[in-house]
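One structure is given below, encoded as structure tokens.
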Amino acid sequence: MIYTYPDYYKQFSCIADKCPDTCCGKWQIVIDDDSLEKYEDYNGEYRDELRRKVNWKEGVFRHGRSGKCAFLRDDMLCDLYIHMGKESLCTTCREYPRHTEEFENVREISLSLSCPEVARILMNITDKVTFVTEEDDEDEVFDDFDYFLYSNLEDIREEILNVIQDRSVDIRSRIERVIQIGASAQRHYDEGDLVMWNECEERDKPEIHGEHEEHILLQKQAMFLIEELELLYDDWEDVLIESQELLFGQGEEAFAGNRKRFDAWWRNHGGCAPHMTLDIFLEQIIVYFISIYLLGAVYDDNISGKVNACVGHAVELYMLLMARWLRNGETLSVDDLIELSYRYSREIEHSDENLEQVEVLDWFGL
């Protein structure tokens, strides 16, 4: 078995009660069968409390009046952990924010951006992210696994990561090239010659829009978040509506001026975190999403949809940050970067419906 993980993976350690937005909050935590059986068989002194706080019919932890997990204490520590120890935690609580994508003889392990501490780590990395590979003797076979498609997807992903991390090229050109690779790979796959995926043609290039068309496109992309996706948190809808008004409420000319000032502010101030330029921020976001989701096309054949979504997430975060910059009186802090990154990730990555929807949206067509 081959295991891969990003080079910053081992930097993570849960900060527990110091977390600004705990995962023990309003999330509905599903209890795995083994843990549920362990809870049912438990006869220690904490038995009565445990039984009251588990929804046995639904197989989830109950929420208290505050809307948070019933085991979350006022000091933001887990009462279940304190009374029954680390081994009492269900799989979700024990593993999060670690995330695993499974392929034949491969496990790709990542840290979810939806965790504030992971977002803090990533938002402070300015070096190019690399990936560590380890291997053991375990072997497995998946029924009907398309290894030919998978190996080509690995090559495609490697090329995309090389392109998006080539800092000798401006970020816009890198992004356009990534979209082109995705379109070429999808076209060749549909034509039955995926092995030629890197033979990109003019028709694979994204259309270069003028300022007016780009304004329309960005406004359409912003509306995806409100109109096309499941909203998991009511206060996130407030963020989206406010951002929409700040960005587009004063018309196209005001938007263009705000965008130029925002880009200039980021260049002149060196970013919100030390040396975190706008180009590096967009690069890290695209690397994060591409590294996790592109190989999943081995199960649904949707190569270009995944590539476009990964780029689209970076564009959406750019827009949300610009709106926050406007709201803050034309300034941003690293806390803004962290907050918007993990909250955006929660809305996208914690909804199967949204993960499916973003990969069929027409991100870059007018």
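Residue 5 is where the sequence shown starts when you use the working numbering, and the numbers rise one by one after that. For glycine and all other residues, C-beta sits at the position ideal for the given N, C-alpha and C.
- Counting along the chain, no beta strand (DSSP E) covers Glu195, and no H or E run does either.
- Beta-bridge partners of Thr8 (DSSP): Glu112, Thr137.
- Residue environment for Leu370: exposed (fewer than 16 other C-beta atoms within 10 angstroms of its C-beta).
- Inter-residue distance for Ile294 and Ala318 is about 11 Å (C-alpha atoms, whole angstroms).
- By the beta-carbon neighbour count (other beta carbons within 10 angstroms, threshold 16), Tyr100 is buried.
- A straight-line Cα-Cα distance of about 46 Å links Val362 and Gly48.
- According to the DSSP secondary-structure assignment, Phe65 is paired through a beta bridge with Val58.
- Between Val182 and Ile164, the beta carbon gap of about 5 Å places them in contact (Cβ cut-off 8 Å).
- Counting along the chain, the unbroken alpha helix (DSSP H) around His216 starts and ends at 215–227.
- Pairing Cys23 with Gly29, the inter-Cα distance amounts to about 11 Å.
- The three-state secondary structure of Thr335, taken from DSSP, is coil.
- The alpha-carbon separation between Asp194 and Ile307 amounts to approximately 10 Å.
- Cα atoms of Glu334 and Gln254: separation of roughly 16 Å, rounded to the nearest angstrom.
- Per the DSSP secondary-structure output, His317 pairs with nothing in a beta bridge.
- With a beta-carbon spacing of about 32 Å, Ile342 and Met88 fall beyond the 8 Å limit used to define contacts.
- Per DSSP, His103 is one residue of the beta strand (DSSP E) stretching across 102–107.
- Beta-bridge partners of Cys204 (DSSP): none assigned.
- Here the alpha carbon of Arg350 sits roughly 10 Å from the alpha carbon of Trp31.
- Beta-bridge pairing by DSSP links Cys73 to His67.
- Under the criterion of beta carbons closer than 8 Å, Asp25 and Leu81 do not qualify as touching, at roughly 15 Å.
- Taken through DSSP and simplified to helix, strand or coil, Val34 comes out as strand.
- For Cys97, the three-state secondary structure derived from DSSP is helix.
- Separation of the CB atoms of Val34 and Asp150 is rounded to 30 Å, and the pair is thereby denied contact status at 8 Å.
- Out of Glu246, Ile284, Glu320, Leu286, the CA that lies nearest to the CA of Asn332 is found in Glu246.
- Check the Cα spacing between Ile289 and each of Leu236, Gln225, Phe152, Ser118: the tightest is with Ser118.
- Around the beta-carbon of Phe152, fewer than 16 other beta-carbon atoms lie within 10 Å, marking it exposed.
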